[in-house]
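So the sequence lines, in the order shown, correspond to chains A, B, C, D, E and F. Quick note on numbering: the UniProt record's numbering labels position 115 of the first sequence as 115, and the sequence is numbered without any gaps. Quick note on numbering: the UniProt record's numbering labels position 134 of the second sequence as 134, and the sequence is numbered without any gaps. Quick note on numbering: the UniProt record's numbering labels position 156 of the third sequence as 156, and the sequence is numbered without any gaps. Quick note on numbering: the UniProt record's numbering labels position 79 of the fourth sequence as 79, and the sequence is numbered without any gaps. Quick note on numbering: the UniProt record's numbering labels position 164 of the fifth sequence as 164, and the sequence is numbered without any gaps. Quick note on numbering: the UniProt record's numbering labels position 142 of the sixth sequence as 142, and the sequence is numbered without any gaps.
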Amino acid sequence: MSIEFLVATAIGALTAGGIYLCLRARTFPVVLGLAMLSYAINLFLFAMGRLVVGKPPIYAKGVAVYTDPLPQALVLTAIVISFGMTALALVLALRTFLETGTDQVDGTPDPDLLDRENRT
Amino acid sequence: MTVTVIADAVIAGLLLLGGGFALIGSWGLAKLPSLMSRLHGPTKATTLGVGSCLVASVVYFPVHGGVWTAHELLITLFLFITAPISANLIAKAYLHGCHTAPGEQSMMAEGMPDAAENGADWATFGYDDAEEDPLSVPTGAGGKDPSA
Amino acid sequence: MSALIAAPVLLPAFAATLSLLFRRRRRWIGAGVSIGATALLLAIDLVLLGQAATGEIGIYALGDWPAPFGIVLVLDRLAAMMLVLTAALALAVSIHATLTSLDRRGWHFHPLFQFQLLGLNGAFLTGDLFNLFVFFEVLLIASYGLLLHGQGARRLTAGVQYVIVNLVGSTLFLIALGLLYGVTGTLNMADMAVRASALPIGDQGLFRAGGLLLTAVFALKAALLPLHLWLPRAYSGTAPAVAALFAIMTKVGAYAIIRTGPLIFAGAAGRYMIPAALGTMILGFAGFLAARHLRVMTAFGLIGSTAILLVAVAVFQERAMAAALYYLPHTTLAAAFLFLVTDLLIRWRGTEGDAIVVTPGYRGQQVLAALFFAGGIALAGLPPLSGFIGKLLILQATLSSSWWPAIWAAILITSLVAVIGFARAGSTLFWKSSGDAPPSPGTSGARALPLKEAAPAGFLLALMVLLTVAAGPVTAYMEAASHQIFDVADYARAVLPPASGVGS
Amino acid sequence: MIAAALIIAMGCIALAMLLNLFRLFRGPTPADRILALDTLVINSIAFIILIGIQQTTTTYFEAALLLAMVGFVGTAAYCKFLLRGDVVE
Amino acid sequence: MHLILLALLPFLGAGWLALSPRASRDVHAGIAVAHVVAALGLLIFIAPGVLGGAPDALRLPWVPALGLDLSLRLDGLGLLFAALILGIGLLIVIYARFYLSPRDPMGKFLSLLLLFQGAMLGISLSGNILLLLVFWELTSLSSFLLIGFRSDTADGRQGARMALAVTGGGGLALIGGLLMLGHIAGSYELADVLLRGDIVRASPLYPAALLLILLGCFTKSAQFPFHFWLPHAMAAPTPVSAYLHSATMVKAGVFLLARLWPVLSGSDWWFYLVGTTGLVTMVVGAAIALFKNDLKAILAYSTVSQLGLMTMLFGFGTPAAALAGIFHLLNHSLFKAALFMNAGIVDHEAGTRDIRLLGGLARLMPITTALGTIAAASMAGLPPFGGFLSKEMMLEETVHTAWLGTHWFVPALAVIGAALSVGYSLRFIVHLYFGPRRDSYPAAPHDPPLGLWAPSAVLVALTLLVGLFPAVLTGWLVVPAAADITGGTASGFHPALWHGVTPALVMSVTAVAAGVVLLWRYAPLLRAWAALPLFEAKPVFQAGIERLVRAARWLSDTVHDGSLQRQLALLFLLAVAIGVEGIWYGGYSAGTRELLPAPPIAIIAWSLLMAATAAVALVPRQRFVTLIYISVIGLVVSLAFIHLSAPDLALTQISVETVTILLLLLALNLLPKQPVQLSSNPERVRNLVLGVAGGVTSGLAAWAVMTREPRNPISSFHWANSYSGGGGTNVVNVTLVDFRAFDTFGEIIVLGIAALTIFALLQPAARGVSGQRLRAWIADLPRSPERHPMMFAVAARLLLPLALMVGLYVFLRGHNAPGGGFIAGLIVSIALLMQYMASGFEWADQRRQIDEHALIGFGVIIAALTGVGSLVFGAPLFTSAFGYVSWPIVGKFELATAMLFDIGVALAVIGAVMLALAELSHIAQRAQKEPVEDDGPMDIDPAKLRGARP
Amino acid sequence: MKRLLPHPGLTAMLLLIWMLMLNSFSMGGLLLGAFFAVLIPVYTAAFWPDRPAMRWELPLLRFVLLVIRDIIVANFHVARLILFRRNRDLRPGWLAIPLELHSAEAITLLAGTISLTPGTVSVDISTDGRHLLVHALDVADVNAEIAHIKARYERRLLEIFR
Ligand code: NA
Ligand code: NA
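Now the structure itself:
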């Protein structure tokens, strides 16, 4: 078994899980799905520089074998951006829930909340 | 030469010790019967497990890397500060869960003592003389708790 | 090339931060900074347009790192045109928003607005694909903020969908970028174009998938079937003035397709884009006719008219592209104009908002009625406004496509649908009086529109008139721009320094 | 000698992680899962140090340091959630 | 230049009128009259040259790319048409001045009328077929406003919309047709197009172009079956009807048939399409007209019929027929405008237009009766009026026309049509003016003031004079026009009241006799007509539109059902399909790169990740537990980054992970913890299938790239220049703050905006519905009374300085080793957040001493200024500089502007993270409206409890 | 001086940490570290009010060494328990340790020490701040264990926190 295989299957699994969650009917799992997708994407983007073990991109004279630093820089940017986006999506989901009483992605009434409000 | 060999032996020993204790800690985590017992397991991983590896590293780098490193000590410091707090908080969370989930009175079975005199209770459960029953839910998000 | 090229990115950055830092002081400072900066931006963009019009491709290597290794800004005719259009639209919207106090109905309107401009301008200028992604994100996240400005349940639910769909879009963007980098080893558009042509067969499948995926992401922004579903709810849910600014957002997607399609991917997506655009057109104008609210109607009109633009783009041929380029500012201005008019209508109408229902005592609103009529003419593409010329250009140019009968039928029939829809809405809104009963006070509260508030909308209308009157020089510019877009070698020559080890 | 010890140690850590995994899924209480995660983080720190030794590089130590710090924050946040619902109040 | 002025004058008048809404009625009328008179004068001034055979032309470039030039051209045909437009227009303006009531906005009305006039004039003057299109569409738009002038009535609105839909639709077809025509001809200049008839007719596109153009003409000229809009356009004020439906709007279609006659006619397509349509329209329109009761409806259907006549004549395709057609066009304009005015007068004075309520007006309104009778006689084709002459010519032409080989068909139908038109004309005269006087008219009828009848008197006089002296009076106008239609010199214009006994005369007499019979036997005929299964077009049309709208609503509502799940499913499906497509069509070969063996620990970490991923997806209802699994995923990904030589990524991932979890926990507190399941089983299966498909695709894509050798990536430059050019050994960091600093600049802006938006979102959350909900919110978890545990609080305060120190260190070394501004910013944020967690929001917030908004602002400004700063040194934006400085005692150290940039990054990150989390963390408290007191950093402070501390 | 150096001990500790992180000695690094080590306590002083007086010298060092020794010993002890004792043979127990220590810092240090030595975990404090709740994995005599902890750790801490 190769590391490439592990990484590829991990990307696949994270993508699958992310998609599965993104297609759910409530905002919270969708945000989780987005988070998972962003893991998958970060790994994917990173893998596009090919995998190298034990050669971090710290420059030293005369070193010829190194990890492609560019995808790493891109992933860094992507991590930060997707963090901001996920945070925003999450807060928006919460805010919408507070405003509308539903956390359904389609904005339809929420059985849970009705249930809870009936209880009190 | 001999220094290196001795150092290598020390390093290897420390590594084995570290790995071993980390494993034992996790074994405890998996094996022990209740959360309160399991909580004791990871302490080993934290202290001797990681600690031995760190010390091994401290010894290893001057010998094989040609550099002194002391980051490991810093990691140890952080772990030693944080690990007890983590354990404390996890225990509190567990007790709180047992206390508020009827039927799961496991800690009573383990014979938890009262918080002694003056009618005081353990902080997680609140004051016995307080007007609030810890089982009841407080009203309002972030509302003032009587205990606060 | 002078550093002026970077001004459209840096100026909004400073304006945004300044209005952010001044937020605790009097609020007019923020508005003043924002409007002033936008006006200055328009002036700068006009200078840049003048430079680009010479035909020379302006290159600016940020950080003094040569392409393809660093990020370069590229100013060609297309970019300059998009910059000017954006600034002009932004000027109208920022003034409108300030005049109508939209900026006080929530936090941080002006900083978000300026950041939005920053993102847009950056996207138009950059010559680097990943940098394009970054600016897409900037403009998207700023658009989230603007979309939600003022809030309310409807806006929030619409916002949730808009944000999530675009987040998934960004995810796909990154996948596409990764694939392209993994296969070609570069991020610079020009360099990628050069390397793509030398790609071995075995790699071409991956490259193609990456290119198509990237195009799909752009199509998502451009609201192309089946990726347009997010738009109606989002645009009709937000404040109409914000939606007016968003008229340019679909064009960003179109811009990216126009930029990368001929340059890097040799129009590979065209065969799917044409039917998709035709379908979008039909759905857009069906929604237009079906709409029960003006905002929804305008949103669908935007979808439909953008689809007309995209169908011309999808031919990926110089003449059709030139036609598309002429139609692009028109459709942007028309939709924005109609959104602003809708906003005025909502403001001065009273309780009915933008519902297409009869308003008691609303027959006398001559100015609004005239503006609405003009909006209808613009969006339906009738003379004497520029949409007519744009449509003629597109019809003429698409004759070279084998799809032309379908294209013609779709464009002409949807125009008729638009005319019918507008006539229905307009006659209900401005002609019908409710059962000839005297307007009962309290049910509506419609008041007369102060002309001052109509000035920004009037500005957009004037731009459309200008686009019509000056159609000769404008089309000449667009033809030259289109030529430049298809001249891959010229672009590569300008962007990549001759000495650099380009390609593998 | 060191290489062999490293491999054994890494194997131990790997096994420890598997055991953590077991507890993570087995629970039964949320506190158990938090504990399993906390332990997993600790084992990860050990793992990072072992990689550093294996590659004779100090490059990764900051990661271990950071993990020690933020791992705690995470655990505290989870516990706080169970105790109060509100992580910051 | 005259042409430009001519074309502009009506528009100028319209503009002037529109801009002076407050002037008096007479001023408005004066302005309008002045402009029309001026235009007419100008036309007369130009006319001699044009009639002399030298068309006036002018061409200004407008849109060369399109072939659309401002090309104006006045030839004989255009002159005739323009003269009708302006001449009758002048009379209409005068008539309207007296017709409209004082309540009507005269300025607006005349403005629209002149606008329309300008558009019509434009059609007649266009020397470019695209320019003609522009004016054509303008007539549709302006007539829409004119017809809808009485917008307070449903009839007015519906009539206007119907007219717009039909003529606008035809106009769109015309666009297609003319574009094709120009495409075939190779030019859109009318002069060029007219010369290329042979090329056009030989083109395979000819039938399509012809059909589209005819659609435009037929709809505009109300040809069967598009005739139905015209009668409903009668809802307009009578001056509008008189103008639009006699001389102008409906004639535009006929005019275009004439205009393009040299190019399009001369084929079977033309003959059968145009000729037959005209023939049918003539008969059908006349038949309907006979049985209408509304005066304007009678006139409207008669117009339909007469237009059919003209269309038929042009359809015959012979020069003589074309000559007859153009002559009838002139005649019809004269009598029809007069008749409409007459009907208007009757309506105005008698109070109704229902012919059944009228009759016997001859005594009461003698002038009106005289004028109406003459005009109607001309319409009936009775001598000695103009209508007779052109009808004779028409009948003559039908005799020579064979239709599908039969020679009787066209003449027979023509006679029927003529008979019907005699019938409705006579009925108009007899039933309206003659017969018994009634006792009760809705109003007391009397002749109108001079201003109202004089315009029609002029027309009536003309129609009489034309009948008497046709060649003298109209020859100079009609012959050149006909010559321009046929593209040669028109021959044989010999109109005369008496040509001897010709077949035409026989037919004419037959028609008159039959017409008299029709009127004589009107009552039984009416009953028979009423028994016919005819349907009213308007409800059908409206039902059609409603059906269209319903269909559009169904389509739109079905497609745009607001389902996010559907949108995302489509998006994912498309992405997968694209992957398959790309490989399928693009070509693929497997990679040859050597693979890395996986050590056991990697496999175990991998299984951790896989298990956690599956768990997150499969137990989503236990939201809290799900978060723990997410943490595991994050941890494994970080470890993978470390193992695969990406320490910077690991650091970032670890710290971002923590902040994300904090955010999720903060939000989850207020969200349902274990919501009920919403998705149905099929949905879950769909999601699973899509997920697996997406996973497989992305995994394979990753595998495909990882297993092939890289192709000389540009990053080799970054590696080589990082130290020498960027001054740092951490290539990733140098890339971020130098090579690709612009990306990073955008990235911190994204983060800043995210925080600002979160702030803007949460600020109003404590108010309104959301605030109520927050106040009414019941914590759904039982809560421990202790808010700030002692040990945690104590440890946190010790960790804060340590973490800050680490943050500074990580920041400073970032340029050369893993670290940097972003990670440092996160570390500092987390350290501060720890205080918030441990000791509460209020307590920590009072002590933090930072303003997050300002931090974000300053962060962005510092980064931007660093970028701009390089300009001062003459270097491009975002150029970094670094140097090694040697100070006594301190020693040698590096200073790099990139670090300044990184400071901006760090500040923005701290500001953004703190703003977002702080805002989110006390949203619930704010809703309570009572500030939480600062009750110290920990709930149980033993020292305080024992009194050791105050 | 108090405002410039609010926590001299903390400053020293930070400087030490800084030098450990730098991993190499240079005058510049030292100066920079000193700068930060002064700056950070000034900034964070507000977060740590009412610091108890503390003896930083020998007693603390002795205490630390003692704890390290105990940790190692206890580790082996607990390892034996985990590996070789069956679950049902374990004698887990709760210890409510009465506290003589006053300050939160001191009690936290005690609790931390107890937790770090395997086999015992500090769980909670009483609401009156006078008892510490400790859980032991295997305890034969609760009172003896309490006495042991108090004698071994709390007594020493009382010396440090006077
Ligand atoms: Na870095
Ligand atoms: Na412990």
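Cβ coordinates follow ideal geometry from the N, Cα and C atoms, glycine included. Remember, it's a predicted structure, so these values are computed and weren't measured experimentally.
At a cut-off of 7 angstroms, would you count residue i as near ligand 3, judging by its Cβ distance to the nearest heavy atom?
i                    : result
residue 35 (chain B) : This structure lacks ligand 3; the ligands present are ligand 1 and ligand 2.
What does residue i reach in chain B if we use C-beta pairs closer than 7 angstroms?
i                     : result
residue 121 (chain F) : 39, 40, 87, 91
Just grab the DSSP bridge partners of residue i for me.
i                     : result
residue 894 (chain E) : E:884
residue 2 (chain A)   : E:597
residue 128 (chain E) : E:189
residue 59 (chain C)  : C:74
Closer than 8 angstroms by beta-carbon distance: list the chain A residues that pair up with residue i, in chain order.
i                     : result
residue 144 (chain C) : 88, 92
residue 159 (chain C) : 92, 96
Could you give the first and the last residue of the continuous beta strand (DSSP E) run that contains residue i?
i                     : result
residue 309 (chain E) : First-last for residue 309 (chain E): 295-316, but that is the alpha helix (DSSP H), not the beta strand (DSSP E).
residue 783 (chain E) : Note, residue 783 (chain E): premise wrong, no beta strand (DSSP E); not H, not E.
Give me the chain H residues within the contact set of residue i, using Cβ-Cβ distance strictly less than 9 angstroms, ordered along the chain.
i                     : result
residue 126 (chain B) : Looking at the structure shown, chain H is missing, and the protein chains on hand are A, B, C, D, E and F.
In chain order, what residues of the same chain have a beta carbon less than 7 angstroms from the beta carbon of residue i, not counting five sequence neighbours either side?
i                     : result
residue 193 (chain E) : 129, 181, 182, 185, 187, 263
residue 145 (chain F) : 95, 136, 139
residue 108 (chain A) : 102
residue 710 (chain E) : none
residue 154 (chain F) : 100, 101, 110
Who are the neighbours of residue i on chain C, taking C-beta pairs under 9 angstroms?
i                    : result
residue 71 (chain A) : 178, 181, 182
Quick one: which chain F residues come within Cβ less than 8 angstroms of residue i?
i                     : result
residue 121 (chain B) : 126, 127
Within the same chain, show all residues whose beta-carbon is closer than 6 angstroms to that of residue i, passing over the 5 residues directly before and after it, in chain order.
i                     : result
residue 367 (chain C) : 449
Starting from residue i, find everything on chain E with Cβ-Cβ shorter than 9 angstroms and list it in chain order.
i                     : result
residue 135 (chain F) : Those do not exist, as residue 135 (chain F) stays about 14 angstroms from chain E at its closest Cβ, beyond 9 angstroms.
Spatial neighbours of residue i within its chain, please: C-beta separation below 8 angstroms, excluding the five flanking residues on both sides.
i                    : result
residue 47 (chain C) : 4
residue 82 (chain F) : none
Taking contact to mean at least 3 C-beta pairs separated by less than 8 angstroms, is the region 897-915 of chain E in contact with the region 850-862 of chain E? yes
Would you check if the region 3-14 of chain B and the region 53-63 of chain A touch, i.e. whether three or more CB-CB distances between them fall below 8 angstroms? no
For the 8 angstroms Cβ check, are there 3 or more pairs between the region 49-58 of chain E and the region 70-77 of chain E? yes
Report yes or no: do three or more beta-carbon pairs, one from the region 517-529 of chain E and one from the region 395-412 of chain E, lie closer than 8 angstroms? no
Whether or not the region 36-45 of chain D and the region 35-43 of chain A are in contact is what I'm after, with contact meaning three or more pairs of Cβ atoms, one per stretch, closer than 8 angstroms; do they touch? no
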